[in-house]
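If you read the protein sequences in the order shown, they are chains W and E.
In terms of this note's numbering, the first sequence has 140 at position 140, counting the first letter as 1, and numbering is strictly consecutive.
In terms of this note's numbering, the second sequence has 1025 at position 25, counting the first letter as 1, and numbering is strictly consecutive.
Cβ atoms here follow ideal geometry from the backbone N, Cα and C, with glycine treated the same way.
The structure appears right after this line, and notes come after that.
Number of protein chains: 2
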Amino acid sequence: MTDLLTIGEAAKRSGVAASALRFYEDKRLISSERAGSGHRRYHRAVLRRIAFIVFAQRIGLTLEEIRGELDKLPGDHAPNRRDWSRLSAGWTSRIDERIAELERLRAGLTECIGCGCLSLDRCRLVNPGDRAGRSGPGPRYWVGDPRPA
Amino acid sequence: MTDLLTIGEAAKRSGVAASALRFYEDKRLISSERAGSGHRRYHRAVLRRIAFIVFAQRIGLTLEEIRGELDKLPGDHAPNRRDWSRLSAGWTSRIDERIAELERLRAGLTECIGCGCLSLDRCRLVNPGDRAGRSGPGPRYWVGDPRPA
DNA sequence: CTACAAGCTCAAGTGAGCTTGAAGTCAAGT
DNA sequence: ACTTGACTTCAAGCTCACTTGAGCTTGTAG
C-alpha cells in the first residue's frame, strides 16, 4: 500500500462515485498521475480537494466556480491551512444571504401565505428581486433574470 | 377588462415567463380555460397559485412535489387562508434543517476548512449523512443517495 | 385591409452534474 | 490458461425546469 490511490479507493474514501471523479478530472477540478497501465493514481491530497468540492457544492457553488477557487491554490507547494481558508473567505456572506432568505421565507409561512399579500407583485417574500441567483432547484435562469449572452 | 387574464398578462403580473406557464399547465400545476380562439384565459386566482409555486421552489421543492401539495387544495371552493397555510405546515422544519446545515457549513469555514479535519470520512460537516436530499445545485441524486426505483 | 403583435402546438434544445453502456485492457487469483 | 474484477475511453443517456424554433392562427390598431 503506497500513498497513491486507485480511483476505486479514492471513490470509497471520499464517498464520491468513480464516474464523478473522472468527470471532475475531465473538468480539471482534480488531477491524477497514471500507472504504466494507464490507470489513474491519486495522491492522498486529492481527498482534501474532493472534500472541498463537496463542501462548496453544499454551499451552492457550481463546479465552474469551484474550479475557479481551486485554481487560486498555489502551485508551488502543497496547500496549507491558510491557503484553504483564503478560498472560503468570501463564502460567509453568501451563506448569510441564503440563510436570511430562508428566514424571510419561514416568516412568510406564518405571516404571509394565505393572507392577502401572497401576491407576486406586492409581497416582498417572492418579489422578482429576490428571484435572482441560482440557489434554487435545477439549472435555470431565474425568472426575470436576463440570460447570459 | 374582465377578470380573465391572457397568458401574457399572467406572465407580466407574475414575473414568470409565458413559456413557463404553459409548461406548468402541461404539468398540471395550473389550469386555464380557453377562449373561442383557443387562447388561454386565466382566472385571477391563478396568480396566487403561481406565487405559491415560486415560493415553494425557493424553499427547494420540485415541481412534482409542488403539484402534490396543490392537489391537496379543496376542489369544492376557492382556497382560503386556512387552505393555503395547511399546505405549508410541514415546510418550517424543512427550512429549519436547511438553515441548520448552512450554519454548520458556515462554522466550518472558520473552524474546519484547512484544518486536519477536512476529510470526508471524519468531518461531520461533509459526511455522507448530510449529503442526502436535493437542496444543492442541479438536479442530481446526491452522492451516496440511492436512486429512486 | 394590412401590419404586426400575441397566441397556439409540438418537437427539440439547453445546462449542470453526473451515470450508463459498449468495447476493450490490465492485474490478480486458481 | 483462465476467469474475475477493476480499470480505460468515448459516446450517449438521464433529470429538472424550462426555453427556443418552426409553422400556423388570432386579435388589434391604423
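Return the CA-CA distance between residue i and residue j, expressed in angstroms with no decimal places.
i       : j       : result
E/G1015 : W/F55   : 33 Å
W/D96   : W/N80   : 26 Å
E/L1109 : W/S85   : 7 Å
W/H77   : E/L1063 : 47 Å
W/F52   : E/S1093 : 27 Å
E/A1089 : W/R106  : 11 Å
W/R13   : W/H39   : 18 Å
W/G36   : W/F23   : 21 Å
Please list, in chain order, all residues of the same chain as residue i whose beta carbon is under 6 Å from its beta carbon, the five residues on each side excluded.
i       : result
W/E69   : L87
E/L1005 : Y1042
E/S1119 : With a pLDDT of only 49 at E/S1119, under the threshold of 50, the placement of this residue in the model should not be trusted; the figure read from the coordinates follows. Within the same chain, E/S1119 has no close Cβ partners at all.
I believe residue i touches residue j by the beta-carbon criterion, under 8 Å. Please report the beta-carbon distance rounded to the nearest angstrom.
i       : j       : result
E/I1007 : E/L1029 : In fact, because the Cβ distance is near 14 Å, the residues do not count as touching under 8 Å.
W/R34   : W/R41   : 7 Å
E/D1083 : E/R1044 : E/D1083 to E/R1044, Cβ: 17 Å. No contact.
W/T19   : W/E25   : Before going further, note that residue 19 of chain W is Ser rather than Thr in the sequence given. 11 Å between Cβ atoms; not a contact.
W/L47   : W/A10   : 7 Å
E/K1027 : E/R1067 : 6 Å
What does DSSP give as the partner residues of residue i in its beta bridges?
i       : result
E/R1034 : E/R1040
W/L63   : Answer by DSSP bridge pairing: none, since W/L63 is not bridged.
W/L4    : W/H43
Counting only the same chain and skipping the five closest in sequence on each side, list residues whose C-beta sits under 8 Å from that of residue i.
i       : result
E/E1065 : A1056
Ordered along the chain, which non-local residues of its own chain (more than five positions away) have a Cβ less than 7 Å from that of residue i?
i       : result
E/A1017 : A1011
E/P1074 : D1083
E/W1091 : I1059
E/K1072 : L1087
Worksheet item: Does the segment 92 to 109 of chain W come close enough to the segment 1091 to 1102 of chain E to have 3 or more Cβ pairs within less than 8 Å?
Response: yes
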